[in-house]
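**Q** Protein chains in written order, with my numbering: chain A, 1 to 395; chain B, 396 to 790.
Number of protein chains: 2
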Amino acid sequence: MQYSTKILNTPSSFIRNILKVTGEADVISFAGGLPNPISFPTEQLQQAVNRSIEEQGTKLFQYSTTQGYEPLRELIAAKYKKFGLDIHKDDVLITTGSQQALELLGKVLINPGDGVVMEAPGYLGAIQAFTLAEPEFFSITLEEDGLDVEELAATLAANPHIKMIYTVPNFHNPTGITYSREKRQAIYDVVKNYDVILVEDDPYGELRFRGESLPYMGGGRLENSVLLGSFSKTVTPGMRIGWFVTKNKELMGYMETAKQATDLHTNIFSQYVIHDYLSHNAYEEHVEKIISLYREQADCMIAAMEKYFPDTVKFTKPEGGMFIWVTLEEGVSALQLFDQAMEQKVAFVPGDPFYTNAENINTLRLNYTNSTPEVIEEGIRRLGALLHQTSAVKA
Amino acid sequence: MQYSTKILNTPSSFIRNILKVTGEADVISFAGGLPNPISFPTEQLQQAVNRSIEEQGTKLFQYSTTQGYEPLRELIAAKYKKFGLDIHKDDVLITTGSQQALELLGKVLINPGDGVVMEAPGYLGAIQAFTLAEPEFFSITLEEDGLDVEELAATLAANPHIKMIYTVPNFHNPTGITYSREKRQAIYDVVKNYDVILVEDDPYGELRFRGESLPYMGGGRLENSVLLGSFSKTVTPGMRIGWFVTKNKELMGYMETAKQATDLHTNIFSQYVIHDYLSHNAYEEHVEKIISLYREQADCMIAAMEKYFPDTVKFTKPEGGMFIWVTLEEGVSALQLFDQAMEQKVAFVPGDPFYTNAENINTLRLNYTNSTPEVIEEGIRRLGALLHQTSAVKA
Chain A
1 MQYSTKILNT PSSFIRNILK VTGEADVISF AGGLPNPISF PTEQLQQAVN RSIEEQGTKL
61 FQYSTTQGYE PLRELIAAKY KKFGLDIHKD DVLITTGSQQ ALELLGKVLI NPGDGVVMEA
121 PGYLGAIQAF TLAEPEFFSI TLEEDGLDVE ELAATLAANP HIKMIYTVPN FHNPTGITYS
181 REKRQAIYDV VKNYDVILVE DDPYGELRFR GESLPYMGGG RLENSVLLGS FSKTVTPGMR
241 IGWFVTKNKE LMGYMETAKQ ATDLHTNIFS QYVIHDYLSH NAYEEHVEKI ISLYREQADC
301 MIAAMEKYFP DTVKFTKPEG GMFIWVTLEE GVSALQLFDQ AMEQKVAFVP GDPFYTNAEN
361 INTLRLNYTN STPEVIEEGI RRLGALLHQT SAVKA
Chain B
396 MQYSTKILNT PSSFIRNILK VTGEADVISF AGGLPNPISF PTEQLQQAVN RSIEEQGTKL
456 FQYSTTQGYE PLRELIAAKY KKFGLDIHKD DVLITTGSQQ ALELLGKVLI NPGDGVVMEA
516 PGYLGAIQAF TLAEPEFFSI TLEEDGLDVE ELAATLAANP HIKMIYTVPN FHNPTGITYS
576 REKRQAIYDV VKNYDVILVE DDPYGELRFR GESLPYMGGG RLENSVLLGS FSKTVTPGMR
636 IGWFVTKNKE LMGYMETAKQ ATDLHTNIFS QYVIHDYLSH NAYEEHVEKI ISLYREQADC
696 MIAAMEKYFP DTVKFTKPEG GMFIWVTLEE GVSALQLFDQ AMEQKVAFVP GDPFYTNAEN
756 INTLRLNYTN STPEVIEEGI RRLGALLHQT SAVKA
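1) Could you tell me whether the Cβ of B:F435 comes closer than 8 Å to any Cβ of chain A?
2) Taking contact to mean at least 3 C-beta pairs separated by less than 8 Å, is the stretch 343-355 of chain A in contact with the stretch 111-129 of chain A?
3) Starting from A:V149 and walking both ways along the alpha helix (DSSP H), at which residues does that stretch end?
4) Between B:P432 and chain A, is the shortest Cβ-Cβ distance under 8 Å, so that the two count as touching?
5) Going by the beta-carbon positions, is the gap between A:M1 and B:D509 smaller than 8 Å?
6) Cβ of B:M513 less than 8 Å from any chain A Cβ?
7) Please report the straight-line C-alpha distance between B:L732 and B:G541, rounded to a whole angstrom.
8) Tell me, please, whether the stretch 640-653 of chain B touches the stretch 85-97 of chain A by the rule of three or more beta-carbon pairs shorter than 8 Å.
9) Are A:I76 and A:V346 closer than 8 Å when you measure CB to CB?
10) Could you pull the DSSP bridge partners for B:R760 from this structure?
11) Give the interface partners of B:T400 over in chain A, defined as CB-CB distance under 8 Å, in chain order.
12) Please list the segments of the beta strand (DSSP E) lying wholly inside the stretch 102-141 of chain A, counting only runs of 3 or more residues, in order along the chain.
13) Hey, does A:N193 have any beta-carbon neighbour from chain B nearer than 8 Å?
14) Quick check on DSSP: helix, strand or coil for B:I697?
15) Would you please verify whether the beta carbon of B:E498 is less than 8 Å from any beta carbon of chain A?
16) In whole angstroms, give me the CA-to-CA distance for B:G615 and B:L623.
17) From the DSSP output, read off the bridge partner residues of B:M559.
18) Go through its chain and collect everything with a Cβ distance to B:T707's Cβ below 7 Å, but skip five positions before and after it.
19) The stretch 576-610 of chain B: which residues have C-beta closer than 9 Å to a C-beta of chain A, in chain order?
20) Out of A:F30, A:P112, A:V116 and A:N370, which has the shortest C-alpha to C-alpha gap to A:V326?
21) Quick one: using the 10 Å Cβ neighbour count with 16 as the cut-off for buried, is A:G125 buried or exposed?
22) Would you mind working out which of B:G492, B:V416, B:L778 and B:G779 sits nearest B:K628, comparing C-alpha positions?
23) Just verifying my parser: in three-state terms, what is the DSSP assignment at B:E683?
24) Looking at the unbroken beta strand (DSSP E) that takes in A:S230, where does it start and where does it end?
25) Give the interface partners of A:A258 over in chain B, defined as CB-CB distance under 8 Å, in chain order.
26) Using C-beta distances below 6 Å, list every residue in its chain close to A:V92, excluding the 5 sequence neighbours before and after it, in chain order.
27) Go through its chain and collect everything with a Cβ distance to A:E212's Cβ below 6 Å, but skip five positions before and after it.
28) Can you look up B:L617 in the DSSP assignment and give me helix, strand or coil?
29) Beta-carbon separation of A:P350 and A:L335 under 8 Å?
30) Please list, in chain order, the chain A residues whose beta carbon lies closer than 7 Å to that of B:S408.
31) For B:Q666, which residues in the same chain have their Cβ closer than 8 Å to its Cβ, ignoring the five residues on either side in sequence?
32) What three-state label does DSSP hand B:F664 in the structure shown?
33) Straight-line CA distance for A:Y179 to A:I361?
34) Interface residues of chain B around A:K50 at Cβ under 9 Å?
35) Under DSSP, the alpha helix (DSSP H) around A:G253 begins and ends at which residues?
36) Tell me where the alpha helix (DSSP H) around B:I402 begins and ends.
Here it is as C-alpha cells:
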C-alpha cells in the first residue's frame with residue numbers, strides 16, 4: 001500500500017511517543033503539557049452532569065449541530081468583552097479541542113506549497129496539524145517579546161503565497177514568553193497590509209500570574225483575525241472542548257463544512273456539561289486558584305534553576321501558563337541531554353520538535369504544572385548536576 | 396482570501412443544510428438519520444457517569460492516549476468474536492464518531508487524483524469526508540444485494556490508482572439494502588487480487604430485525620481490511636464514540652499519527668462512561684429493545700407505502716437499520732418533489748447528495764426511526780397523495 005505523501009511527511013508527536021518512558025512511576029516528568037489534576041473541578045463537573053441530564057434529558061445524547069451548542073457559544077463570545085471585543089455567538093465554532101481548529105484551518109486555507117508562518121520555536125501540535133496540508137513553512141525567530149518584526153515583514157513581502165501566520169501570544173508553548181504590547185502593535189502594523197489569516201492561539205491566556213493582560217494583535221481589528229481558545233487548561237482537557245472565533249463569515253462557512261466532514265459535530269454531552277458548569281459556578285474564582293497553584297510551581301522551578309543550573313544556562317521567566325524554555329550552552333544537544341536525564345529519571349522535551357527545520361538544538365522545554373514543589377526541586381537538582389558535568393567536559 | 400481547492404470542492408451536507416426547515420415543530424420529518432431518543436439508556440448512562448467519576452476520579456478529566464481507552468478497546472475487540480474474527484485491542488483505534496475514521500482514511504491513503512470506489516448511491520458523509528482528500532471517485536452501481544461485481548472487477552482492473560473501496564454492507568445508508576452472502580464472497584474474490592483497502596462501515600449491523608447475520612467481506616481474511624463501528628446507533632450519538640479496526644499495523648500507525656494531528660485523542664470522559672455502561676448493563680437486551688422498536692416502525696412505513704403509494708413507485712424492504720430507499724417513476728425529480736412535500740409539511744432526503752455524479756435523480760431516502768407509527772402513516776399518506784398527482788400529470 002502506498003500511503004499519501006501528506007501522512008508520510010507528518011511527524012508523529014515526539015511528546016506522545018516519549019510518554020511511555022516519561023510516564024513511568026519513578027520518573028520526574030517535566031515533559032508533558034498536562035494541567036495539574038488537582039485543578040479539575042471534579043465535584044462541580046459531576047453536579048453539572050447530573051443537573052444537565054435532569055434538565056435536558058435526551059438532548060445530551062442525540063446528534064447535534066455542527067457549529068456547537070448555542071448557549072455555550074454565547075458564553076464564549078461574552079468572554080471577549082473584557083478585551084473590548086464585540087464577538088457574537090455566530091462568530092464562534094465549537095471544536096474537538098483547539099487542536100482540531102488548527103487542523104481545520106490547514107485544510108480550509110492551504111493548498112500544497114502555500115506558505116505558513118510559524119514561530120521558531122513554535123507549538124509542535126500546530127506544526128503537525130498544518131503539515132497535513134503540505135505547506136511551505138516560514139520560520140520566524142521568536143524573541144523574548146514576540147516574533148522578530150523585521151524578519152516577519154521581509155518574509156511577508158517576499159512571499160505572496162503566505163496564507164497564514166500562527167502565533168501563541170500569551171505564555172507561549174514551548175517558550176513561556178509573552179508578546180509585549182509594542183510587539184503586538186508592530187505585528188499588527190505589518191500584517192494589516194497583507195491578505196493573510198493571523199491566528200492567535202490562546203489556550204493559556206487566562207492563566208496569568210504576573211503582569212498586566214494585553215490586547216490581542218488582530219482580534220477586533222483585522223478582517224482575517226482568528227482567535228482560538230479552549231477549556232482544556234482551565235476546566236478539563238479530557239472533554240476536548242475548544243473553540244474557533246472569526247468575524248470573517250466566508251472563512252467561518254468553510255470551517256463549518258470542514259468540521260462537518262471531519263466529525264459532524266463536537267461531543268454535545270460535554271458541551272452541555274461545560275455550559276452548565278460555567279452557569280452555576282464562580283469560574284473566575286476557580287481560575288484564580290489554578291493561577292495561585294501555577295505561580296507557586298513556576299516560582300519554585302525558577303528558584304531551583306537559579307540555585308542548581310550553571311550560569312551559562314539561560315531560561316525564560318513566564319508571566320503565566322505552563323512552560324519554561326531553557327537554552328543550553330552553544331553546541332550542547334538537548335536530545336543527548338535527554339538520554340542522560342532519563343538515566344537520572346528526569347524527563348523534559350528537547351527543543352527539536354518545536355522547529356520545522358532544526359536538529360540537535362541546544363534548547364528544551366520544562367513543564368512545571370504537574371509536579372509538587374518538592375519534586376520540582378529534586379528534578380531540577382538532578383538536571384543541574386548533569387549540566388555542570390556537561391559544562392565541565394566542555395571547559 | 397483564496398481558500399484551498401479541497402474545501403472549495405467539498406459539498407456541505409445537504410441533510411444538515413435542510414435541518415432548519417425539516418426541524419420545524421409541525422413538519423413530519425423522514426429526512427434525518429437520528430436514532431429514536433427513547434432508545435437512549437439515559438438513566439443507565441447517568442449511573443455510569445457517577446460510578447466512573449467516583450471510581451476513576453480525575454482520570455476522566457485529564458488528557459489521554461491517542462489510540463483510546465484500553466479497556467474500551469478490549470470490549471470492542473471482543474464484539475467481533477461472534478463473527479469468528481480474532482481482533483486484538485491493538486487493532487482498534489477509538490475515533491470521534493466513525494465519521495472521523497472516514498476523514499482520517501482519506502487523509503492517510505489518498506493523494507489528489509487517487510481512486511476511491513463508492514457505492515452509487517452511497518453514504519453522503521463518506522463522499523464529503525473523502526472529497527477533502529481530492530480523489531477520483533469511481534461510482535459502482537449498488538444492486539439490491541450489493542455492489543455490481545462485474546462493474547467492480549472491470550473498474551479495479553482498468554484503474555490501478557484505486558486505493559480504497561468504501562461499502563456499508565449491512566442496512567446500507569441510504570438504501571437500507573444488505574449485501575447477500577454470495578455477493579460478499581464474490582466481492583472478496585475480486586478484491587483479494589488488488590492492493591486496495593476494503594472498508595466495511597457498519598454502524599447499523601447490530602440492528603437486524605429480520606434474516607440472518609452475515610460474515611464480513613474482508614474482515615479476518617484481507618490484509619487490507621478495515622472495519623468501522625460506532626456506538627451512535629446503539630447507545631448514544633451525542634458522545635461521538637466510534638472505532639476503526641485493522642490488522643494492518645502500518646495503516647494503523649499512520650491512522651494514529653493522523654488522529655494525533657487532528658484532535659490529539661477522543662473525549663476520554665465519554666470513553667470511560669461508555670465502557671462503564673457496557674460493563675454494568677445487559678447491552679444485548681438493550682439492543683433487542685431498539686430492534687423491536689425499529690422493526691415496528693419499518694413495518695408501519697412499508698405497510699403505509701403499500702397502501703398510499705402508486706404501484707409505479709418502488710421501494711426497498713430493509714432487514715434492519717434506519718432507512719428505506721424509494722425509486723420514483725423515471726424522469727421524476729425527487730428534488731422537485733421535496734419542495735412540494737415541504738409545502739405539505741413532510742420532509743425526506745432527495746437522492747442527489749448520495750451520488751458523486753448525479754443530479755435531479757428520481758430516488759429519495761426515508762428514515763423511519765424517529766417518528767411514531769401514527770406520524771409515519773400520516774406522512775406517507777401525504778407523500779402518497781403528492782405522488783398520485785405527479786403520476787396523473789405524467790399520464
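Every residue gets a Cβ at the ideal spot worked out from N, C-alpha and C, and that includes glycine.
These figures come from a predicted structure and were not determined experimentally.
**A** So, from the listed chains and residues:
1) yes
2) yes
3) V149 to A158
4) yes
5) no
6) no
7) 27 Å
8) no
9) no
10) B:W720 and B:V744
11) N111
12) 115-120
13) no
14) helix
15) yes
16) 14 Å
17) B:V511 and B:I592
18) E724 and S786
19) D590, V591 and I592
20) A:F30
21) buried
22) B:G492
23) helix
24) S225 to S230
25) I402, T405 and L527
26) R73, I76, A77, W243 and V245
27) none
28) coil
29) yes
30) Q260
31) S459, G463, Y464, L467, I489 and I636
32) helix
33) 23 Å
34) Correcting the residue type first, residue 50 of chain A is Asn in the shown sequence and not Lys. Going along chain B in sequence order, the residues near A:N50 (Cβ under 9 Å) are Q441, V444 and N445.
35) K249 to D263
36) T400 to L403
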